[in-house]
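Residue numbers (the numbering used here), protein chains in the order written: chain A, 5 to 166; chain B, 25 to 569. Cβ coordinates follow ideal geometry from the N, Cα and C atoms, glycine included. Quick caveat: nothing in here was measured; it's all calculated off a predicted structure.
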């Protein structure tokens, strides 16, 4: 295990999203240790135009499995948390996050009801779906608004079988 | 050659081993033994007798093949070889009846053994034309899958063309000769052969294809009547769409709710669902692997790119978005056509987005007419959301971000579950194909404004390749290949049950446009765009817009 600080990740997974900051070294092994389980992604997947590894993990504090994606060099690329549980409350966490740097209006992407409130410096997006609540939170490395769609797939559509 | 009735005990020409039940229904209303006798007689025919029997045999076999949708699992190689030699000697190989008979008898093999057979015929048949005769009767997708998958497929295709110089090919076989030429070029240079630059004419023709028939009709009718061209009618579009949407959602709910009450399917790692996913990838890659699909990873629960969507939360917004946009069906499409939404997609979408938001409960309407329209649907927000979440969770399949999710629910009976497995296989072919899209292509069609245009490229092209994959194995490969059936139906269930297999996969209406585009620009250009991101070849100078 390297010296990566896993505290912000553990806090965020536990619903304290305002404590999230990306750190280098959050490899599958390090994340697995932080979550108390062995994570060894079994192979490569395609995410947008990129090859990555991923693991889908059930954690006690979230209602749905959390998806982790890593770059091939082992750096954490994206964490997708669906219908996230929050601690202590959304108003408190959103206040802690402050104003987003960019807001992409809802209507496209994997959560088409969610305005994507992007805290790009911190590496976090809140998918705010109004009356449906917060439908997802994504965690990722700091990036620019231009990089955001390509590196996260934030506007990739849902494609349904007929 | 022994014939039935000779004194020596004949080698059984038609072994009725398990799985060879097809012969039993070979001639309808005849007994298994009679059918066998009939077929033995046919295969042993020579000379004038052969010429006389051939038309009846062609009719019988065609009728059997069509009605029963099943096939011989083990054609009798020796007898068939002799039969083919007799056809050649009698100068009958070129006849339509002979082609039909041979197509059915030879086609009744698994893809693997048929591929071996074709490769051998292409290279070494005594009569060089025999390979062409049989290949001409094979559906294009199946022929492509067999030859591209075979280690000596390319060499064999080259050989049969060399052995049959174009000038000497009978008229009836020129089309297959030409097709094998195309296939040969594509096998030699899969990423370049047939890929051509767009031009102004292609762009105009693409534009015409992408104009829905109802729109073209309305425009023509207006012109004929001396009226101005149709224009988007925003008045009452919100109200009409809201009412139609609600009717449609309610008409769908009972079906999806019934799935919600079924037992979960086994989704363990390495289990049935993963087997079906693997088979889907293998079958897609047999046709499209050389053109770019093969590098897409297999779908497994372990990799996290395969999931059971019945366990997700369900998204009311996306469900409504789908019903209004790419998944629109009557009565939603009826309203959209009546309001001429195609004539100004951007303006229509402003209203549609409000309908999506309000019906899903993302936000509440404020305008008086919109408040009234939502109230008129007569169902509370929470109940609408509950139903939409169930429909979403029980949707057959979806792909997003390189991951696929499917509805993993069993049937009420073993036979119903068998049918569900085949349905899942079809869905998996479609969804796996989505994971093979080049991101540049996806971004390109994502930039199109009109949902009909977008759906043609996103779903129409995917359905086009889904259908081609299906046709590479339906019905003969499924009927002949017990191992394939066991991969889909389960390791203890190799029964042939064409009722459970069902017909062609369900598809979007935009498949029709995709097929027209294939006719116009060729499949090579569609593959280049879809798998490699070469969108310039799509005739897209006027798109996206």
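| message | Between B:544, B:449, B:437 and B:168, which has its C-alpha nearest residue 492 of chain B's C-alpha? | response | Across the set B:544, B:449, B:437 and B:168, the C-alpha of B:168 shows the shortest separation from the C-alpha of residue 492 of chain B.
| residue 139 of chain A - containing beta strand (DSSP E), residue span | 138–143 is the span of the beta strand (DSSP E), which, as asked, contains residue 139 of chain A.
| How would you label residue 148 of chain A, buried or exposed, when you count the other beta carbons within 10 angstroms and need 16 or more for buried? | exposed
| field | Contact the segment 42–58 of chain A vs the segment 314–331 of chain B: 3+ CB pairs below 8 angstroms | value | yes
| query | Listing by chain order, which chain B residues have their CB less than 7 angstroms from the CB of residue 39 of chain A? | reply | Within chain B, no residue comes near residue 39 of chain A; the closest Cβ sits about 15 angstroms away, beyond 7 angstroms.
| request: Determine the chain B residues that contact residue 161 of chain A at a beta-carbon separation under 8 angstroms, and present them in chain order. | output: 424, 466, 470 and 482
| task | Can you give me the Cβ contacts of residue 484 of chain B inside the same chain, cut-off strictly under 7 angstroms, excluding the 5 residues immediately before and after it? | result | Hits under 7 angstroms: 532, 534, 535, 537 and 538.
| Which listed residue (B:530, B:554, B:322 and B:178) has its alpha carbon closest to that of residue 448 of chain B | B:530
| query | Is there contact between the segment 94–113 of chain A and the segment 47–62 of chain A, where contact requires at least three CB pairs shorter than 8 angstroms? | reply | no
| query | With a CB to CB cut of under 6 angstroms and the five nearest residues on each side skipped, what residues in its chain are close to residue 405 of chain B? | reply | 385
| Helix, strand or coil: which one does DSSP assign to residue 502 of chain B? | Of the three classes helix, strand and coil, the one that applies to residue 502 of chain B here is helix, per DSSP.
| query | Sorted by chain position, which residues of the same chain lie with C-beta nearer than 6 angstroms to residue 412 of chain B's C-beta, five sequence neighbours on each side aside? | reply | 340 and 343
| task | Give the C-beta separation of residue 28 of chain A and residue 10 of chain A to the nearest angstrom, bearing in mind that I take them to be a contact with Cβ-Cβ under 8 angstroms. | result | The Cβ separation is near 12 angstroms, so there is no contact.
| request: Count the other CB atoms, across all protein chains shown, that sit within 10 Å of the CB of residue 16 of chain B; report buried if there are 16 or more and exposed otherwise. | output: With chain B running from 25 to 569 in the structure shown, residue 16 of chain B is simply not present.
| query | Mind pulling the chain B residues with CB within less than 8 angstroms of residue 165 of chain A? | reply | 419, 420, 421, 422, 451, 454, 455 and 530
| request: May I ask you to verify whether the segment 61–79 of chain B touches the segment 110–117 of chain B, counting CB pairs closer than 8 angstroms and requiring at least 3? | output: yes
| message | If I follow the unbroken beta strand (DSSP E) through residue 132 of chain A, where does it start and stop? | response | For residue 132 of chain A, the enclosing beta strand (DSSP E) has its first and last residue at 128–132.
| request: Compare the C-beta of residue 87 of chain A with all C-beta atoms of chain B and state if any pair is closer than 7 angstroms. | output: yes
| query | From the beta carbon of residue 80 of chain A, is the nearest beta carbon of chain B less than 7 angstroms away? | reply | no
| said: Counting C-beta neighbours from all protein chains within 10 Å, is the total for residue 84 of chain B 16 or more, i.e. buried, or is it exposed? | reply: buried
| said: At 4 residues or longer, what runs of the alpha helix (DSSP H) sit wholly inside the segment 396–442 of chain B? | reply: Secondary structure remark: continuous alpha helix (DSSP H) runs of at least 4 residues inside the segment 396–442 of chain B, in chain order: 405–417.
| request: Pull up the distance between the alpha-carbon of residue 189 of chain B and that of residue 200 of chain B, whole angstroms please. | output: 13 angstroms
| said: Give me the subset of the segment 317–332 of chain B whose CB atoms are less than 9 angstroms from a CB atom of chain A, sorted by chain position. | reply: Cβ contacts with chain A come from 319, 320, 321, 322, 324, 325, 326, 327, 328, 329 and 331.
| task | Check each candidate in A:164, A:129, A:117 and A:30 and name the one with the smallest Cα separation from residue 73 of chain A. | result | A:30
| Simplified DSSP state of residue 50 of chain A, which is helix, strand or coil | strand
| request: Under 8 angstroms by Cβ, that's how I've got residue 288 of chain B and residue 433 of chain B pegged, so tell me the actual separation to the nearest angstrom. | output: 6 angstroms between Cβ atoms; contact.
| task | Compare the C-beta of residue 387 of chain B against all C-beta atoms of chain A and say whether one is closer than 7 angstroms. | result | yes
| request: Please say whether residue 361 of chain B and residue 238 of chain B have beta carbons closer to each other than 7 angstroms? | output: yes
| request: Going by CA-CA distance only, name the one from B:221, B:304, B:441 and B:381 that's closest to residue 290 of chain B. | output: B:441
| said: Can you confirm whether the segment 463–472 of chain B touches the segment 507–524 of chain B when touching is taken to mean that 3 or more C-beta pairs between the two stretches lie within less than 8 angstroms? | reply: no
| Whole-angstrom C-beta distance between residue 256 of chain B and residue 363 of chain B, which should lie under 8 angstroms | 6 angstroms
| query | residue 31 of chain B: buried (16+ other C-beta within 10 angstroms of its C-beta) or exposed? | reply | Note that residue 31 of chain B scores 38 on pLDDT, short of 50, meaning its location in the model is unreliable; the coordinates nonetheless yield the value given after this. Answer is exposed; the Cβ neighbour count stays below 16.
| From B:158, B:165, B:152 and B:147, residue whose alpha carbon lies closest to that of residue 183 of chain B | B:147
| Below-7 angstroms beta-carbon distance, residue 44 of chain A vs any chain B residue | no
| Between the segment 371–386 of chain B and the segment 244–253 of chain B, do at least 3 Cβ pairs fall closer than 8 angstroms? | no
| message | Can you look up residue 219 of chain B in the DSSP assignment and give me helix, strand or coil? | response | coil
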